[in-house]
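What follows is one structure encoded as structure tokens, with my remarks underneath.
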Amino acid sequence: MCDIRLPFQRDRDRITHSKTFRRLKHKTQVFLAPTGDHYRTRLTHVLEVSQIARTIASALCLNEPLTEAIALGHDLGHTPFGHAGEATLNELHPGGFRHYVHSLRVVDFLENDGKGLNLTFEVRNGIVRHSKGRADILPKQKSETAVTLEGQVVRLADIIAYVNHDLDDALRAGILTEGDLPVRIKNIVGDRHSKRIEAMVRDLIVETLTADDGDLHISDTMLEAISDLRTFLYDNVYTYYKVHAEFEKARRIIRDLYNYFMENGIVRIRGGRIEKNANGEWLDEKDAHRRVCDYIAGMTDRYALSVYETIFLPEPWSVK
Numbered sequence: 017m018c019d020i021r022l023p024f025q026r027d028r029d030r031i032t033h034s035k036t037f038r039r040l041k042h043k044t045q046v047f048l049a050p051t052g053d054h055y056r057t058r059l060t061h062v063l064e065v066s067q068i069a070r071t072i073a074s075a076l077c078l079n080e081p082l083t084e085a086i087a088l089g090h091d092l093g094h095t096p097f098g099h100a101g102e103a104t105l106n107e108l109h110p111g112g113f114r115h116y117v118h119s120l121r122v123v124d125f126l127e128n129d130g131k132g133l134n135l136t137f138e139v140r141n142g143i144v145r146h147s148k149g150r151a152d153i154l155p156k157q158k159s160e161t162a163v164t165l166e167g168q169v170v171r172l173a174d175i176i177a178y179v180n181h182d183l184d185d186a187l188r189a190g191i192l193t194e195g196d197l198p199v200r201i202k203n204i205v206g207d208r209h210s211k212r213i214e215a216m217v218r219d220l221i222v223e224t225l226t227a228d229d230g231d232l233h234i235s236d237t238m239l240e241a242i243s244d245l246r247t248f249l250y251d252n253v254y255t256y257y258k259v260h261a262e263f264e265k266a267r268r269i270i271r272d273l274y275n276y277f278m279e280n281g282i283v284r285i286r287g288g289r290i291e292k293n294a295n296g297e298w299l300d301e302k303d304a305h306r307r308v309c310d311y312i313a314g315m316t317d318r319y320a321l322s323v324y325e326t327i328f329l330p331e332p333w334s335v336k
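Here this note's numbering is used: the first residue of the sequence shown is 17, the next is one more, and so on.
This is the structure:
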């Protein structure tokens with residue numbers, strides 16, 4: 017125990033000091049290997065989720081350290097190349113792959129040289145229940161959400177963050193213009209990045225305080241606008257031909273690395289050289305799949321590219 021920090025503060029600090037957290041700065045959010053410095057990465061996404069979640073938690077008089085710990089840890093299990101990596105590992109690993117489940121595996125088993133981070137139940141539950149995919153923004157089934165309101169806040173802050181910053185990045189990339197955003201959405205959420213976030217956060221806070229029934233609430237009008245904006249992004253950004261083309265390249269890289277490791281054992285790249293993992297002998301096929309999946313999921317984009325290049329691309333040489 018710590019006589020300075022409360023348990024949730026300790027959890028937050030263990031997450032932010034972990035190696036997995038630091039690697040998020042080199043993992044894709046939406047745009048793979050963007051040349052600009054201002055596109056979101058998985059790390060900046062996590063920080064934006066944390067900021068939005070803390071604002072909501074403070075207004076609702078919830079536990080801010082718990083909210084912050086869940087927000088900072090919610091994407092620790094994300095793969096290189098974002099959802100391209102996740103989709104590929106889900107196909108290749110016999111047990112499937114979901115980044116939110118893997119995030120729990122990271123904090124329970126993989127971090128701290130296999131010892132885990134020893135986080136509290138509330139933080140662990142919030143991490144594994146944070147994702148919603150394209151399901152209902154406010155699930156009707158309690159079993160689909162975190163047991164704490166703080167965990168439920170992070171789930172909503174996650175979608176508020178990504179629909180806004182993915183739109184912002186798409187505008188920066190020239191994939192969209194402000195005029196492309198449907199007027200019905202713009203009239204509800206606003207015509208600027210900051211206005212859109214404020215409108216969504218304010219609606220959630222006001223509707224929840226007005227209902228005062230122990231649940232989170234969003235007005236029907238705002239709920240429809242957020243859902244429409246999410247659909248708009250799927251139709252016009254996530255499936256945009258240039259984004260999709262890079263998505264398919266990333267899937268090929270993950271697939272080739274996975275198959276190579278299954279056949280040859282895990283290798284690491286040191287100074288441009290391949291080094292065999294000392295523990296490269298599998299106990300059985302299930303063990304092989306599990307360890308290969310863990311290894312690839314923990315890679316950054318650039319490390320995955322480096323390993324792929326070293327293994328599969330010929331190295332120029334000359335005879336002296």
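Every residue gets a Cβ at the ideal spot worked out from N, C-alpha and C, and that includes glycine.
All figures in this text were calculated on a predicted structure; none of them were measured in a lab.
Alpha-carbon to alpha-carbon, residue j and residue i
{"i": "I31", "j": "H90", "result": "10 Å"}
{"i": "L133", "j": "F24", "result": "12 Å"}
{"i": "L249", "j": "K202", "result": "14 Å"}
{"i": "A87", "j": "E325", "result": "34 Å"}
{"i": "E166", "j": "T224", "result": "13 Å"}
{"i": "S210", "j": "L197", "result": "15 Å"}
{"i": "G281", "j": "W298", "result": "8 Å"}
{"i": "T95", "j": "D124", "result": "17 Å"}
{"i": "H118", "j": "V179", "result": "23 Å"}
{"i": "A173", "j": "D219", "result": "12 Å"}
{"i": "A75", "j": "L232", "result": "12 Å"}
{"i": "H146", "j": "M315", "result": "22 Å"}
{"i": "Y162", "j": "E240", "result": "The sequence given here places Ala at residue 162; Tyr does not occur at that position. Straight-line Cα distance between these residues: approximately 23 Å."}
{"i": "T237", "j": "V205", "result": "10 Å"}
{"i": "F97", "j": "L48", "result": "6 Å"}
{"i": "G93", "j": "G111", "result": "15 Å"}
{"i": "I285", "j": "R318", "result": "12 Å"}
{"i": "E262", "j": "Y254", "result": "11 Å"}
{"i": "L126", "j": "H109", "result": "17 Å"}
{"i": "R208", "j": "A177", "result": "14 Å"}
{"i": "M278", "j": "I312", "result": "12 Å"}
Residue i: first and last residue of the uninterrupted alpha helix (DSSP H) it sits in
{"i": "N203", "result": "199-205"}
{"i": "N106", "result": "98-108"}
{"i": "Y311", "result": "301-313"}
{"i": "Q168", "result": "165-189"}
{"i": "D231", "result": "Here D231 belongs to no alpha helix (DSSP H), and DSSP marks it neither H nor E."}
{"i": "H118", "result": "115-121"}
{"i": "V323", "result": "317-328"}
{"i": "E84", "result": "80-89"}
For residue i, the residue or residues it bridges with in DSSP
{"i": "T44", "result": "T57"}
Residue i - DSSP class collapsed to helix/strand/coil
{"i": "R145", "result": "coil"}
{"i": "Q67", "result": "helix"}
{"i": "Q157", "result": "coil"}
{"i": "I72", "result": "helix"}
{"i": "P332", "result": "coil"}
{"i": "S210", "result": "helix"}
{"i": "G52", "result": "coil"}
{"i": "G195", "result": "helix"}
{"i": "N275", "result": "helix"}
{"i": "S34", "result": "coil"}
{"i": "Y250", "result": "helix"}
{"i": "D129", "result": "coil"}
{"i": "A162", "result": "coil"}
{"i": "H94", "result": "coil"}
{"i": "L220", "result": "helix"}
{"i": "R21", "result": "coil"}
{"i": "Y256", "result": "coil"}
Where residue i falls, given that 16 or more other Cβ within 10 Å makes a residue buried
{"i": "R200", "result": "exposed"}
{"i": "P330", "result": "exposed"}
{"i": "T71", "result": "buried"}
{"i": "L22", "result": "exposed"}
{"i": "K43", "result": "buried"}
{"i": "C18", "result": "exposed"}
{"i": "Y257", "result": "exposed"}
{"i": "A320", "result": "buried"}
{"i": "D272", "result": "exposed"}
{"i": "H260", "result": "exposed"}
{"i": "I20", "result": "exposed"}
{"i": "G195", "result": "exposed"}
{"i": "E102", "result": "buried"}
{"i": "R58", "result": "buried"}
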